[in-house]
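Below: one structure, written as structure tokens.
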Amino acid sequence: MDSSEVDASVTFSFGWTDPGLIEETNSYVIDAIHRYPTRLYGMAVLQPTAGSRAVYELERCARSGMIGLGELMPHGQEYKLSDVQLLAPIMDVVRRHHLLVLSHCSEPVGHLYPGKGDVSLQDIITFLTAFPDIDFVAAHWGGGLPFYTLMPEIQRITDRVWYDTAATIYLYRNTIFPVVANLVGADRILFASDYGLLRQKRVVNHIKTSGLDGVALELVLGRNAQHLLSRHGL
Numbered sequence: 068m069d070s071s072e073v074d075a076s077v078t079f080s081f082g083w084t085d086p087g088l089i090e091e092t093n094s095y096v097i098d099a100i101h102r103y104p105t106r107l108y109g110m111a112v113l114q115p116t117a118g119s120r121a122v123y124e125l126e127r128c129a130r131s132g133m134i135g136l137g138e139l140m141p142h143g144q145e146y147k148l149s150d151v152q153l154l155a156p157i158m159d160v161v162r163r164h165h166l167l168v169l170s171h172c173s174e175p176v177g178h179l180y181p182g183k184g185d186v187s188l189q190d191i192i193t194f195l196t197a198f199p200d201i202d203f204v205a206a207h208w209g210g211g212l213p214f215y216t217l218m219p220e221i222q223r224i225t226d227r228v229w230y231d232t233a234a235t236i237y238l239y240r241n242t243i244f245p246v247v248a249n250l251v252g253a254d255r256i257l258f259a260s261d262y263g264l265l266r267q268k269r270v271v272n273h274i275k276t277s278g279l280d281g282v283a284l285e286l287v288l289g290r291n292a293q294h295l296l297s298r299h300g301l
């Protein structure tokens with residue numbers, strides 16, 4: 068972060084299948100955010116198929132100062148983002164603690180790569196329809212969801228959706244930044260690197276050469292995150 072001139076980061080562990088490993092790595096993140104309270108903001112990873120154990124773990128993480136749930140990794144944990152019945156008890160905890168939610172999203176077309184997954188646009192739409200009151204961050208540009216907001220029915224259910232830029236360098240030309248800014252507004256794009264897959268500095272430079280104007284750059288590189296975090300009491 069220091070070498071990339073990044074002031075603060077939202078960080079989290081990985082969507083393991085083993086709930087015990089998830090709890091251990093969540094505890095590591097909790098320790099980190101307590102040691103660096105002005106620089107790190109943590110999110111809780113869960114294995115939703117663990118049932119009440121997952122609900123308890125999210126309660127523990129929220130009470131320990133975590134700001135959200137994520138990254139959800141349905142494709143690696145053998146569930147669907149569209150499994151509303153499975154996720155409903157977890158979303159109750161999200162509401163109770165005023166957390167935000169981040170989920171992996173997959174492009175329906177394009178090249179295959181490790182970790183692409185199969186979190187479909189329909190899965191995302193089903194989730195957003197079922198939980199319209201949740202602040203939702205759609206990772207990796209939402210698998211292309213911004214392009215479908217031209218449909219009125221999709222636009223209506225994305226009022227509380229933000230799109231993160233994780234791994235953009237491996238997925239899209241950087242002209243995606245002004246294109247999506249035109250579709251949904253620059254205020255809905257969140258800088259994300261997918262570190263340690265990509266160094267933050269490299270992603271910052273990628274964004275700075277994308278064609279966004281100065282105001283939009285300031286939003287994407289920090290102001291939007293500040294605004295979203297402020298919605299959750301930070």
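Heads up: the sequence shown begins at 68 in this note's numbering, then just goes up one per residue. Cβ atoms here follow ideal geometry from the backbone N, Cα and C, with glycine treated the same way.
How is residue i classed by DSSP in three states: helix, strand or coil?
| i | result |
| --- | --- |
| residue 105 | coil |
| residue 83 | coil |
| residue 91 | helix |
| residue 301 | coil |
| residue 186 | coil |
| residue 295 | helix |
| residue 125 | helix |
| residue 281 | helix |
| residue 209 | helix |
| residue 96 | helix |
| residue 198 | coil |
| residue 119 | helix |
Could you please give me the residues that DSSP links to residue i through a beta bridge?
| i | result |
| --- | --- |
| residue 203 | 168, 228 |
| residue 111 | 136 |
| residue 78 | 109 |
Could you pull the start and end residues of the alpha helix (DSSP H) that residue i belongs to?
| i | result |
| --- | --- |
| residue 288 | From DSSP, residue 288 is part of no alpha helix (DSSP H); its letter is neither H nor E. |
Comparing the CB of residue i with every heavy atom of the ligand COA, is any distance shorter than 6 Å?
| i | result |
| --- | --- |
| residue 187 | Judged by which ligands are present, the structure shown has none, so any question about the ligand COA falls away. |
Quiz item: Which runs of the alpha helix (DSSP H), 4 residues or longer, sit entirely within the segment 213–275?
Solution: 219–223, 235–238, 243–251, 267–275
Quiz prompt | 4 or more residues per run - each alpha helix (DSSP H) lying fully within the segment 129–182 | solution = 141–144, 151–163
Practice problem: Indicate whether the contact test is met: 3 or more Cβ pairs, each with one atom in the segment 96–103 and one in the segment 139–148, closer than 8 Å. | Solution: no
Quiz item: When the Cβ atoms of the segment 146–164 are set against those of the segment 288–296, are three or more pairs found closer than 8 Å?
Solution: no
Self-check item: Segment contact, 8 Å Cβ cut-off, at least three pairs: the segment 217–228 with the segment 179–187
Solution: no
Self-check item: Given 8 Å, three or more beta-carbon pairs between the segment 83–90 and the segment 107–122
Solution: yes
Quiz item: Counting pairs of beta carbons, one from the segment 161–178 and one from the segment 189–207, are three or more of them closer than 8 Å?
Solution: yes
Quiz item: Any chance the segment 250–257 sits against the segment 228–237, with 3 or more Cβ pairs inside 8 Å?
Solution: yes
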